[in-house]
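A.B. asks:
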Amino acid sequence: MKPTIIILAFLTISSFYAYPVSIFYCGFGGDFCGQSTTDDVNPKAKFVILAFANPQSDGSVLVDDANFPADLVKSWQASGKKVLLSIGGQNGNWPFVFGSDASVNTFVSTMASALDKYGLDGVDLDIENYQATPRTVVNAIKLLRAAIGDNRIIVVSP
Numbered sequence: 001m002k003p004t005i006i007i008l009a010f011l012t013i014s015s016f017y018a019y020p021v022s023i024f025y026c027g028f029g030g031d032f033c034g035q036s037t038t039d040d041v042n043p044k045a046k047f048v049i050l051a052f053a054n055p056q057s058d059g060s061v062l063v064d065d066a067n068f069p070a071d072l073v074k075s076w077q078a079s080g081k082k083v084l085l086s087i088g089g090q091n092g093n094w095p096f097v098f099g100s101d102a103s104v105n106t107f108v109s110t111m112a113s114a115l116d117k118y119g120l121d122g123v124d125l126d127i128e129n130y131q132a133t134p135r136t137v138v139n140a141i142k143l144l145r146a147a148i149g150d151n152r153i154i155v156v157s158p
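Residue 1 is where the sequence shown starts when you use the UniProt record's numbering, and the numbers rise one by one after that.
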């Protein structure tokens with residue numbers, strides 16, 4: 001019995017590592033990390049996370065149109081991958097977003113517009129360095145969910 005459990009555990013772990021679940025793509029200018037210059041995404045990845053865009057001082061999300069990899073996004077989606085836009089990271093301006101109801105509303109509306117404009121499958125909220133209450137953050141995420149609908153993905157990462 002024990003050898004069977006060990007073999008099953010090994011096969012499970014091996015299968016997990018054989019198929020990456022998600023991968024960051026860092027090929028943008030501006031607020032993006034700029035480390036990817038081509039389609040360096042593992043073909044087995046199920047999710048591609050475009051890193052990073054940052055909220056502006058009014059809470060709006062600004063995406064670098066000139067460097068946005070629209071053709072790559074279409075290619076990834078055609079191969080069955082879900083493509084998300086990561087917002088924030090260590091340089092994220094979350095205090096601007098959570099500072100007032102108006103900035104939360106601006107964030108939500110511009111985030112929904114960006115997902116529509118670029119045909120993205122969802123958003124990764126990389127929320128670091130903020131002073132808001134958990135209730136404020138949860139309410140903002142609820143507003144975002146209502147704005148983008150149930151078919152889009154919201155991931156929250158610390």
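Beta carbons: idealized from backbone N, C-alpha and C, even for Gly.
What is the residue span of the alpha helix (DSSP H) that F96 lies within?
C.D. replies: F96 -> alpha helix (DSSP H) spans W94 to V97.
A.B. asks: Alpha helix (DSSP H) containing F107: first to last residue?
C.D. replies: Note, F107: alpha helix (DSSP H), D101 to Y118.
A.B. asks: Between the C-alpha atoms of L72 and G92, what's the straight-line distance to the nearest angstrom?
C.D. replies: When rounded, the distance between both Cα atoms is 25 Å.
A.B. asks: If I follow the unbroken beta strand (DSSP E) through I154, where does it start and stop?
C.D. replies: That run of the beta strand (DSSP E) goes I153 to S157.
A.B. asks: Assuming the contact rule is C-beta atoms closer than 8 Å, residue 185 and S86 should be a hit. Round their C-beta distance to whole Å, please.
C.D. replies: Past the edges of the chain, shown from 1 to 158, lies residue 185, and the structure says nothing about it.
A.B. asks: Kindly list the residues whose CB is nearer than 6 Å to the CB of V21, restricted to its own chain and excluding five residues on each side of it in sequence; keep chain order.
C.D. replies: Excluding positions up to five away in sequence, the list reads K46.
A.B. asks: Considering only the beta carbon of each residue, do A51 and F98 sit closer than 8 Å?
C.D. replies: Cβ distance not < 8 Å, so A51 and F98 don't count as in contact.
A.B. asks: Can you tell me the Cα-Cα spacing of G80 and V156, whole angstroms?
C.D. replies: Roughly 22 Å between the two C-alpha positions.
A.B. asks: According to DSSP, which residues form a beta bridge with G89?
C.D. replies: Paired residue(s): none; G89 is not in a bridge.
A.B. asks: How big is the Cα-Cα spacing for T106 and D58?
C.D. replies: The alpha-carbon atoms of T106 and D58 are separated by roughly 7 Å.
A.B. asks: Whole angstroms is fine: what's the gap from L62's alpha carbon to I127's?
C.D. replies: Answer to the nearest angstrom: the Cα atoms are 16 Å apart.
A.B. asks: If distances are taken between C-alpha atoms only, which option among P55, D64, W76 and D39 comes closest to K117?
C.D. replies: Closest by alpha carbon: D64.
A.B. asks: Compare the Cα-Cα distances from F68 to each of A53, K44 and G89 and report the closest residue.
C.D. replies: Measuring from the Cα of F68, the nearest candidate turns out to be A53.
A.B. asks: Report the option in Q56, F96, K74 and R145 whose CA atom is closest to the CA atom of Y130.
C.D. replies: The candidate whose alpha carbon is nearest that of Y130 is F96.
A.B. asks: According to DSSP, is K46 helix, strand or coil?
C.D. replies: Three-state DSSP puts K46 in coil, outside helix and strand.
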